[in-house]
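Novice: Residue numbers (the working numbering), protein chains in the order written: chain V, 24 to 252; chain H, 8 to 236.
The beta-carbon is built from N, C-alpha and C at its ideal position, and this holds for glycine as well.
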Amino acid sequence: MKHEVLGGADYGLLQITFEAPGERVVAESGALLAMDSEIEISTSARGGLLGAAKRKLLGGESIFQNTFTAKAAGQRLWLAPPVEGELKAIELQAGEVFYLQSGAYVAQLGEQLKLNTQWGGVKGFFSGVGLFLLKVEGPGTVFFGGYGALHPVVVDREGYTADTGHIVAFTSGLNYQVRTFGGMKGLFLSGEGLICDFQGHGTVYLQTRDPHLLADFLHPFRPVQSSNS
Amino acid sequence: MKFELQYRPSHALATVHLAPGETLRAEASSLVSMTRNLQVQTSFRGRAGSGILGSLKRGFLGGESFFTNTFTAVGQGGHVSLAPKLCGDMVVHELTPPEELFIQGSSYVAAPDSVALDTEWQGMKSFLSGESLFFLRAYGAGPVLLNAFGAIQPIDLDGELILDTGHLVAFTGGIQYEITKASRGWIDSFLSGEGFVLRVWGRGKLYVQTRNPQEYGRSLGKRLPARQA
Chain V
24 MKHEVLGGAD
34 YGLLQITFEA
44 PGERVVAESG
54 ALLAMDSEIE
64 ISTSARGGLL
74 GAAKRKLLGG
84 ESIFQNTFTA
94 KAAGQRLWLA
104 PPVEGELKAI
114 ELQAGEVFYL
124 QSGAYVAQLG
134 EQLKLNTQWG
144 GVKGFFSGVG
154 LFLLKVEGPG
164 TVFFGGYGAL
174 HPVVVDREGY
184 TADTGHIVAF
194 TSGLNYQVRT
204 FGGMKGLFLS
214 GEGLICDFQG
224 HGTVYLQTRD
234 PHLLADFLHP
244 FRPVQSSNS
Chain H
8 MKFELQYRPS
18 HALATVHLAP
28 GETLRAEASS
38 LVSMTRNLQV
48 QTSFRGRAGS
58 GILGSLKRGF
68 LGGESFFTNT
78 FTAVGQGGHV
88 SLAPKLCGDM
98 VVHELTPPEE
108 LFIQGSSYVA
118 APDSVALDTE
128 WQGMKSFLSG
138 ESLFFLRAYG
148 AGPVLLNAFG
158 AIQPIDLDGE
168 LILDTGHLVA
178 FTGGIQYEIT
188 KASRGWIDSF
198 LSGEGFVLRV
208 WGRGKLYVQT
218 RNPQEYGRSL
228 GKRLPARQA
């Protein structure tokens, strides 16, 4: 199976080319853009219904995932994330761990890749932009997307701080702590609310736009419900 | 202080590199990430003495946030990454005294403390137009970081120009302006959908944005479910 990320930083697109019958790709439901006709789709609650429900509740991803199985060699499949922005692939070795922000997951390759929801901390929960994380463990390849470009930052011993609404993913080897920005005053006044401090060695991927800010911008433009309805 | 712009034009990210002791003031909601050695202070924005009232006036009338974060690099150099709410480009305008820059309220992102900011009142007409025609007047010496919704188009002006108020980003002080109706008659102006336009004249530089945030909000907002009043 070959995979290629197309479309650049603004409109990422994943192209899969199956090389043998029986090869499989698992993708977030809704990610399908197009495919050749000799590919079979099966829908499942991956990790069992309970595991899937937990991921839906905690991680924000959909309960159901689609498995695309090639019935012939040379079949092509195109997958895309829901919002405008970049798509990246991360190849994980056996036992290598990668953390994904809820909603960033697009697809995965590799029968042994494990996907679990991890509690991201109580502060993340309260913010609504929380750090609910999908824990992905190799071997395999995971594809993820963000709103805007995906900006990698290498964190070394000095640490790094990022706004929670812009964090998409990070590698293992990093410890993180979510805190209010500038104390209580910061939480209510600064507009940022919560930030995340990273310590250790690894890479953090930031999305250059925050979907919550777009939602905030659009909210006042919604029609107003009349009081007697 | 060095400004680095990436992922232009659609999802621009500005990384501002600060030497030890250097200070940057940035709009509250623009923080993406920063190094750990930055000292951050949240405050009401305003010139000396204008305090809360000045900030509120700007917030309500200028369509921008009331608050500013001040980032100061402590001990060693550091950086802060900033991005606007909506998709689009960013640009750095270098201010040299005695030049002034008039910035449409929501187009301002950040500047060092060597640049002063002041609010310009546009009178009743801007209220009637429904556009947030509030200008920040920037003066002093140093770079000013601006954002645009869409791409930024600089225009060198020597003469007169009519432009839509929602597409304005900023213009230099040698340019005079007045808010005027788009067509000769009031009814035509209203029906044309252009309402009020800006007539500018003189010599200087204009920055315009290729999309109008208010029109974007209106076109999407009416398709969203109604909200509670």
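(1) Taking C-beta to C-beta, are Y223/H and V207/H nearer than 7 Å?
(2) Is the segment 131 to 142 of chain V touching the segment 56 to 66 of chain V, taking contact as three or more C-beta pairs under 8 Å?
(3) Can you find at least 3 beta carbon pairs, one from the segment 32 to 43 of chain H and one from the segment 81 to 93 of chain H, that sit closer than 8 Å?
(4) Just to check my reading of the structure: L93/H and P220/H have Cβ atoms closer than 8 Å, yes? What is that Cβ distance to the nearest angstrom?
(5) Taking L100/V as the reference, give the member of P162/V, L157/V, H174/V and K25/V with the closest Cα.
(6) Spell out whether any CB of chain V is found under 7 Å from the CB atom of K92/H.
(7) Hey, how far is the Cα of V23/H from the Cα of T79/H?
(8) Please check if any C-beta of chain B sits within less than 7 Å of the C-beta of Q124/V.
(9) Between G97/V and chain H, is there a C-beta pair that is closer than 7 Å?
(10) Counting along the chain, where does the beta strand (DSSP E) carrying G228/H start and finish?
(11) Distance, Cα to Cα, V47/H vs R202/V?
(12) Go ahead and pull the three-state DSSP assignment for G66/H.
(13) Can you pull out the residues from the segment 149 to 162 of chain H whose beta carbon lies closer than 7 Å to at least one beta carbon of chain V?
(14) Return the first residue and the last residue of the alpha helix (DSSP H) that A238/V is part of.
(15) Cβ-heavy atom distance between E29/H and the ligand MN below 6 Å?
(16) Please state whether the Cβ-Cβ distance between V120/V and S65/V is less than 7 Å.
(17) Measure the C-alpha to C-alpha separation of G35/V and L236/V and round it to an integer number of angstroms.
(18) Under the three-state reduction of DSSP, which class applies to G188/V: helix, strand or coil?
(19) Specify the secondary structure class of T194/V as computed by DSSP and reduced to three states.
(20) Output, in chain order, the set of chain V residues within a Cβ distance shorter than 7 Å of C235/H.
(21) So, does the CB of A32/V fall closer than 7 Å to a CB anywhere in chain H?
(22) Taking all protein chains shown into account, do 16 or more other C-beta atoms lie within 10 angstroms of the C-beta of E51/V, making it buried, or fewer, making it exposed?
(23) Pull out every residue of the segment 225 to 245 of chain V whose Cβ sits closer than 7 Å to any Cβ of chain H, in chain order.
(24) Please report the distance separating the alpha-carbon of G147/H from that of V129/V.
(25) Give the residues from the segment 23 to 44 of chain H that approach chain V closer than 9 Å (Cβ to any Cβ), ordered along the chain.
(26) Expressed to the nearest angstrom, what Euclidean distance is found between the alpha-carbon atoms of S125/V and N154/H?
(27) Answer yes or no: do V28/V and L37/V have a C-beta to C-beta separation smaller than 7 Å?
(28) Under the DSSP definition of a beta bridge, which residues are partnered with S50/H?
(29) If you follow the beta strand (DSSP E) that V176/V is in, where does it begin and where does it stop?
(30) Under 8 Å Cβ-Cβ, which residues of chain H neighbour T194/V?
(31) For S60/V, write down the residues that DSSP places opposite it in a beta bridge.
(32) So with CB distances below 8 Å, who are the chain H contacts of H26/V?
(33) For T172/H, does the three-state DSSP call read helix, strand or coil?
(34) Establish whether the CB of G171/V and some CB of chain H are separated by less than 7 Å.
(35) Shortest alpha-carbon distance to F109/H belongs to which of A236/H, A123/H, G82/H and Q160/H?
Specialist: Taking the structure as given:
(1) The count along the second sequence starts at 1 and reaches residue 223/H at position 216. The count along the second sequence starts at 1 and reaches residue 207/H at position 200. Cβ distance not < 7 Å, so Y223/H and V207/H don't count as in contact.
(2) no
(3) yes
(4) Position 86 of the second sequence, counting from 1, holds the residue named residue 93/H. Position 213 of the second sequence, counting from 1, holds the residue named residue 220/H. Contact holds; Cβ gap of about 6 Å.
(5) To locate residue 100/V, count along the first sequence from 1; it is residue 77. Measuring from the Cα of L100/V, the nearest candidate turns out to be K25/V.
(6) What you label residue 92/H is simply residue 85 of the second sequence in a count that begins at 1. Output row for K92/H: interface = yes.
(7) As a working note, residue 23/H is residue 16 in the second sequence. As a working note, residue 79/H is residue 72 in the second sequence. Their backbone Cα atoms lie some 11 Å apart in a straight line.
(8) The structure shown has no chain B; the protein chains it does contain are V and H.
(9) Within the first sequence, residue 97/V is the residue found at index 74, counting from 1. So, not an interface residue.
(10) The count along the second sequence starts at 1 and reaches residue 228/H at position 221. Segment P220 to G228 is the alpha helix (DSSP H) holding G228/H; no beta strand (DSSP E) there.
(11) Translated into positions along the second sequence, residue 47/H becomes position 40. Translated into positions along the first sequence, residue 202/V becomes position 179. Computed Cα separation, rounded: 14 Å.
(12) Residue numbering aside, residue 66/H sits at position 59 when the second sequence is read from its first letter. Note that G66/H has pLDDT 47, beneath the 50 cutoff, so the model's placement of it is unreliable and the number below is only indicative. G66/H: helix per DSSP, three-state reduction.
(13) none
(14) Residue numbering aside, residue 238/V sits at position 215 when the first sequence is read from its first letter. Per DSSP, A238/V belongs to the alpha helix (DSSP H) from P234 to L241.
(15) Only the bare structure without any ligand can be found here, which leaves the ligand MN out of the picture.
(16) Numbered from 1 along the first sequence, position 97 holds the residue referred to as residue 120/V. Numbered from 1 along the first sequence, position 42 holds the residue referred to as residue 65/V. Cβ atoms of V120/V and S65/V: not closer than 7 Å.
(17) Counting from 1 along the first sequence, the entry for residue 35/V is found at position 12. Counting from 1 along the first sequence, the entry for residue 236/V is found at position 213. Roughly 21 Å between the two C-alpha positions.
(18) One-based indexing of the first sequence puts residue 188/V at position 165. Here G188/V sits in helix by DSSP.
(19) As a first step, residue 194/V must be located in the first sequence, where it is residue number 171. T194/V: strand per DSSP, three-state reduction.
(20) As a position in the second sequence, residue 235/H is number 228, starting the count at 1. As written in the sequence, residue 235/H is Gln, which differs from the Cys given in the question. Under the 7 Å cutoff, chain V gives Q248.
(21) As a position in the first sequence, residue 32/V is number 9, starting the count at 1. So, interface residue.
(22) Taking the first residue of the first sequence as 1, we reach residue 51/V at position 28. The residue in question, E51/V, is buried, as its Cβ has 16 or more Cβ neighbours within 10 Å.
(23) L229, T231, R232, L236, L237, F240, L241, H242, F244 and R245
(24) Along the second sequence, one-based indexing puts residue 147/H at 140. Along the first sequence, one-based indexing puts residue 129/V at 106. The straight-line gap from Cα to Cα measures roughly 48 Å.
(25) E34, A35, S36, S37, L38, V39, S40, M41, T42, R43 and N44
(26) Looking up residue 125/V in the first sequence gives position 102. Looking up residue 154/H in the second sequence gives position 147. Computed Cα separation, rounded: 28 Å.
(27) On the first sequence, residue 28/V is found 5 positions in, with the first residue counted as 1. On the first sequence, residue 37/V is found 14 positions in, with the first residue counted as 1. The answer is yes: Cβ separation under 7 Å.
(28) Taking the second sequence and counting its residues from 1, the one referred to as residue 50/H is at position 43. T75/H.
(29) Residue 176/V sits at position 153 when you count from the first residue of the first sequence. L173 to V178 is the extent of the beta strand (DSSP E) around V176/V.
(30) In the first sequence, the residue the question calls residue 194/V occupies position 171. Simply none; closest approach about 16 Å.
(31) Walking along the first sequence from the start, residue 60/V turns up at place 37. DSSP output for S60/V lists no bridge partner at all.
(32) Numbered from 1 along the first sequence, position 3 holds the residue referred to as residue 26/V. Under the 8 Å cutoff, chain H gives no residues; its nearest Cβ is about 23 Å from H26/V.
(33) As a position in the second sequence, residue 172/H is number 165, starting the count at 1. Looking at T172/H - three-state DSSP - the assignment turns out to be helix.
(34) If you number the first sequence from 1, residue 171/V lands on position 148. Yes, because at least one Cβ of chain H sits closer than 7 Å to the Cβ of G171/V.
(35) Within the second sequence, residue 109/H is the residue found at index 102, counting from 1. Out of A236/H, A123/H, G82/H and Q160/H, A123/H has the C-alpha closest to the C-alpha of F109/H.
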